Amino acid sequence: MNTPRLFRKARWSLVIAAALSAVACGGGQDGVGLGDGQTEDPVVIDFPIAYVRRPIPVDDNGDALQVDVRNVLRFNVGAELFVRDRASPSTPDTNITEAVTQGLGDIRDVDISNDGTKVLFAMRAQFIEGADEEDQPTWNIWEYDIPTDTLRRIITSNITAEAGHDIAPHFLPDGRIVFSSTRQRRSVAILLDEGKPQYPALDEDRNEPAFVLHRMDADGLNIEQLSYNQSHDYDPVVVSDGRIVYSRWDHAGPNNAIHLYRMNPDGSGVELLYGSESHDTGTGAAEVHFLGPRELPEGGVAALLRPFAGTGEGGNVVSIDTDNYINNTQPNVANIGVLSGPAQTPTTVNDVLTADDEPSPGGRFSAVYPLQDGTNRIMVSWSPCRLTDGMSILACTDERLADPNLVEAAPLFGIWIYDRDQNTQLPIVVPEEGFQFSEIVAAEERTNPPLILDGTNDFTLDADLRDEGAGVIHIRSVYDVNGVDVSAAGIATLSDPMQVTAAERPARFVRFWKPVSMPDEEILDIEGFAFGVTQAFGMREIVGYADVEPDGSVMAKVPANVALSFQILDANGRAISGSHNNWLQVVPGEYRECGGCHNANSGQSHGRSDAFNAINAGATADGQPFPNTNPAIFADFGETMAEARIRVSCSTNNCAALDPSLDIIFDDVWTDPAQRAVDASFAYRYQDLSVPLPVDAACVTNWTSLCRSVVQYEESMHPLWALSRTAISDQNILDVAGNVIDSCIGCHAPVDAAGMAMVPASQLDLTDGVSDIDPDHFKAYRELLSGDNEQEVNANGILVDRQIEVGLDPNGIPILETVPVGASMNAGTANGSGQFFNRFDVGGTHAGYLTPAELKLVSEWLDGGAQYYNNPFEAPQD
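Residue numbers (our numbering): 213 to 1090.
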């Protein structure tokens, strides 16, 4: 572990007067001064404050480290928590953690109770010199009681406290504590239910355990996991409506950004709050992220806007109108056509740059705490702009900023109070060279938010969902994309069986995915080959399929307490949309509804409930069937077809229609047989396979929240090519010995029945053997998914790569090159693998060779990413 050493005193020193002088310069442009008419030592806030003082982390050369905010599990030795009775530079402070840390610990994430009496924070006890990371003390949640001057660790048991890293605590309205932790309590328990070892999953960069939100009682008991992101959820804060707002590192699929999310205190109602399409709002459209949200008195939140790394842990403080906006220029549905942005504005007049390649004239901020005392003031951790020539520290001026011989100096973060009405700022804690003062809170009394009770979002039609460990997802229409009906015929037409048959509807099924949690290398050293031709999709498990009703609506039971994604499928069970690249979750019993889907390239978000009005208005009258549909399914006003079907099922058949399946099954329940013949039923069933099933047999007939389909190449895919098939033998294809070929490898092989070399049919070798591209893969796997060279049998009867002449070198000697052959399959898309599937279509050269169940198996494997293994514990280890 590379633990930053304690900061060494620089060769130069800067007296406090010089520091204040640098602040007063304000970068030579629009900086802010110390405030006209103020006394030298004003009493700024007449109640206690708490803050952290830590050494600026440096490398072995003494240069300041550029900390990446995605690297949460860090240990910056030497931090302490201080408390002052009043927010005045002359008020003495008290180190309240020194007795525990002995100067060798770390402190972070300071918060305070709404009554102003208790300071919450995360502390890591004494650093153990020479010990590995796993042997260092963990981050724990601590509480300091101001009136009684007492310090206690929230979790009293050493065993429990050391079972995970706990950071970012915040009081809930009922006195419980929400915090971020690597414990992953429920996720670890579910791993055991899945037959895997228990371990905290790594983030999607596989760098460190994912920190996700938990809650516990004030005495540290009853720890519960709230969020199931596959990367970090942190910086939670409870806002005035009782919900938790927090920063989420969204890293599913192509995503790699930190947005603001919100949830209820029981983990239900998780949704994007702000910023997924606003990461180009830094200086000069630089990429920035949203950290450390705090509610503003006027509504909305203040947040730190900064890149992942490169700005000395600083950025700009922005005020974000999250009440009316979802992105910087995207208002919520109530304000479309009324507001156009920007939603986020600098909270101060400081000329702060958020790019990471140049000094910031107005300095930089590292924390913000809005006061709720009616004065429109905020407390901030702020460093002035400073330059250095290697020997001296200089305040920033226009002339110096233009000097290429000067570079940005180490930051000098102190604690300041900023008056947003007067645009003045005053020092509270004077900065100190080599140290950072940050994470400031004030012990002011604030209104306690309302308590949102657990189970507020429960699904009322099925009381057993909580016991089953499941919830319900309802999509009003998959044809609703960013509030627009994208179906060619229109939702109303598609909903009418007398106008459109099932075969004519583009969207037929939904496939729900669960990501596979990745262990660290101490538990399992996962090599890249285990993922297959690409690691972009991670490893995935299928948790079930559900119908898309004629109006595009979907309602299905899904497993609770796991991360989920989904794809929309056609009648063949192949995706017609990409995976939903933001992890969904439900808590047991929860009902989640969304209006529709979104276009990932539209520049707009659809992940918030008030983003757009759902265009599928549902039934227009109570007690009536949808037009020209089966009268047995009657509708209540506003119900989608999925809602009506599930409600009728719950009243007559114990909600059986709510259960997903690991098979794809279609039965026409909507056509009125009195008006026309119902559409033909069909099913693609695992039980019809002749290869090892990728799912427990019990799940095929009885879905539960623990059912998983784990499709792996060697186990379930590769055996397909060697199966004897009547459909092939009926074609009377003969080998060189006159025998009927009855399997794929009869033609797709490098040798004939007599053992003589031959060119595999279509240049595709599906036989056993080791790949020449990756020896950890079967040859057939790489033949299907990787480009290769065209082959021929040479004059010596040897199968070789074919070469063609492409020119002559200067000596007149022919230049030869191999002839490339494209892959038959495309990982991540079955419908994009037409070179393979087209042969099996009606009229294709291979029609009937693979069964519908086998084609479904290949389709779901390809749509999921064509992984070699989807269970990391079955991949071979060195």
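A virtual CB, placed ideally from N, CA and C, is assigned to each residue, including glycine. All values derive from a computational prediction rather than experimental measurement.
Give me the residue from the options with the minimum Cα distance to residue i.
| i | options | result |
| --- | --- | --- |
| Ile308 | Asp357, Gln924 and Asp275 | Asp357 |
| Gly999 | Asn1006, Ile985 and Tyr757 | Ile985 |
| Ser1127 | Thr1063, Glu927 and Gly1040 | This structure does not reach residue 1127, given that the chain is present from 213 up to 1090, and the question cannot be answered. |
| Tyr1080 | Pro987, Gly801 and Ser300 | Pro987 |
| Gly511 | Ser490, Glu525, Asn468 and Val457 | Val457 |
| Ser1123 | Lys726, Ala812, Tyr757 and Gln747 | Not covered by the structure: residue 1123. The range shown for the chain is 213 to 1090. |
| Gln437 | Tyr925, Ala775 and Ala498 | Ala775 |
| Asn793 | His989, Met929 and Ile780 | Ile780 |
| Gly522 | Val500, Glu346, Ala514 and Met730 | Val500 |
| Asp429 | Gly387, Asp258, Met929 and Ala497 | Gly387 |
| Pro762 | Asn1083, Asn370, Cys806 and Met853 | Met853 |
| Leu472 | Gly454, His491, Glu341 and Asp478 | His491 |
| Arg678 | Arg427, Asp431 and Gly667 | Gly667 |
| Arg418 | Gly481, Gly575, Glu739 and Thr313 | Glu739 |
| Glu680 | Val799, Pro662 and Arg518 | Val799 |
| Asn283 | Glu1002, Ser1071 and Ile470 | Ile470 |
| Gln797 | Leu673, Arg518, Leu425 and Arg336 | Leu425 |
| Ile532 | Glu416, Leu485 and Pro571 | Leu485 |
| Asp1087 | Arg576, Arg688, Pro731 and His810 | It should be pointed out that residue 1087 corresponds to Ala in this sequence rather than to Asp. Residue Pro731 is the option with its Cα nearest to Ala1087. |
| Arg397 | Ile664, Gly328 and Asp378 | Asp378 |
| Asn162 | Phe1052, Asn1001 and Asp676 | Given that the chain is displayed from residue 213 to residue 1090, the structure contains no residue 162 and the question cannot be resolved. |
| Asp737 | Phe1085, Arg336 and Glu406 | Phe1085 |
| Tyr446 | Phe502, Leu404, Ile371 and Asp405 | Phe502 |
If contacts are defined as beta-carbon pairs under 8 Å, then residue i and residue j qualify, I think. What distance do you get, rounded to the angstrom?
| i | j | result |
| --- | --- | --- |
| Leu332 | Glu355 | 6 Å |
| Val745 | Ala1078 | 7 Å |
| Asn528 | Val564 | 4 Å |
| Tyr691 | Ala719 | 7 Å |
| Ser593 | Ala579 | 4 Å |
| Thr566 | Ala514 | That pair is no contact at about 15 Å. |
| Leu1067 | Val923 | Not quite, the Cβ-Cβ distance comes to about 13 Å (not below 8 Å), so this is no contact. |
| Ala262 | Val295 | 5 Å |
Which of the three DSSP states is assigned to residue i in this structure?
| i | result |
| --- | --- |
| Asp431 | coil |
| Phe294 | strand |
| Trp795 | coil |
| Asp836 | Before going on, a small fix: residue 836 reads as Gln here, not Asp. DSSP places Gln836 in strand when its eight states are reduced to three. |
| Phe423 | coil |
| Asp705 | Sequence inspection shows Thr at residue 705; the Asp mentioned does not correspond to that position. Here Thr705 sits in helix by DSSP. |
| Cys806 | strand |
| Met730 | coil |
| Tyr446 | strand |
| Tyr537 | strand |
| Phe849 | coil |
| Ile353 | strand |
| Met751 | coil |
| Phe177 | Residue 177 cannot be examined here, being either before or after the span of the chain that is shown, 213 to 1090. |
| Tyr757 | strand |
| Met767 | strand |
| Trp933 | helix |
| Phe824 | coil |
| Ser206 | Since the first and last residues shown for the chain are 213 and 1090, residue 206 lies out of range. |
Does any residue of chain D have a CB that is nearer than 7 Å to the CB of residue i?
| i | result |
| --- | --- |
| Thr306 | The chain inventory of the structure shown lacks chain D, comprising one protein chain alone. |
Alpha helix (DSSP H) runs contained entirely in the stretch 570-612, provided each spans 4 or more residues: Note on the stretch 570-612: there is no whole alpha helix (DSSP H) run with a minimum of 4 residues.
Contact between the stretch 448-466 and the stretch 539-552 (3+ Cβ pairs under 8 Å): no
Every unbroken alpha helix (DSSP H) inside the stretch 1013-1079 [4 residues or more]: 1046-1049 and 1064-1075
Residue ranges of each alpha helix (DSSP H) within the stretch 940-999, 4 or longer: Residue ranges of uninterrupted alpha helix (DSSP H) with 4 or more members, entirely inside the stretch 940-999 and ordered along the chain, are 991-997.
Beta strand (DSSP E) runs contained entirely in the stretch 250-335, provided each spans 3 or more residues: Within the stretch 250-335, the complete beta strand (DSSP E) runs of at least 3 residues are 261-267, 292-296, 305-307 and 318-324.
Validate contact between the stretch 832-845 and the stretch 697-716 using beta carbons, cut 8 Å, 3 pairs: yes
The stretch 845-865 / the stretch 695-703 touching (three or more Cβ pairs under 8 Å): no
Contained alpha helix (DSSP H) runs [length at least 4] in the stretch 644-698, N- to C-terminal order: Runs found: 677-680.
Contiguous beta strand (DSSP E) assignments of at least 3 residues, all confined to the stretch 434-495: 445-450, 456-462, 469-475 and 483-486
Three CB pairs or more closer than 8 Å across the stretch 1001-1017 and the stretch 1035-1048: no
At least three beta-carbon pairs within less than 8 Å, the stretch 926-935 to the stretch 875-895: Verdict: no, contact absent.
Length at least 4, wholly inside the stretch 850-884: the alpha helix (DSSP H) runs in chain order: 853-864, all fully within the stretch 850-884.
The stretch 754-773 in contact with the stretch 1039-1051 per 3-pair CB rule at 8 Å: no
At least three beta-carbon pairs within less than 8 Å, the stretch 440-455 to the stretch 474-494: yes
contact_flag[the stretch 871-879, the stretch 827-837] where n(CB pairs < 8 Å) is 3 or more: no
Start-end ranges of the alpha helix (DSSP H) lying completely within the stretch 544-568, minimum 4 residues: none
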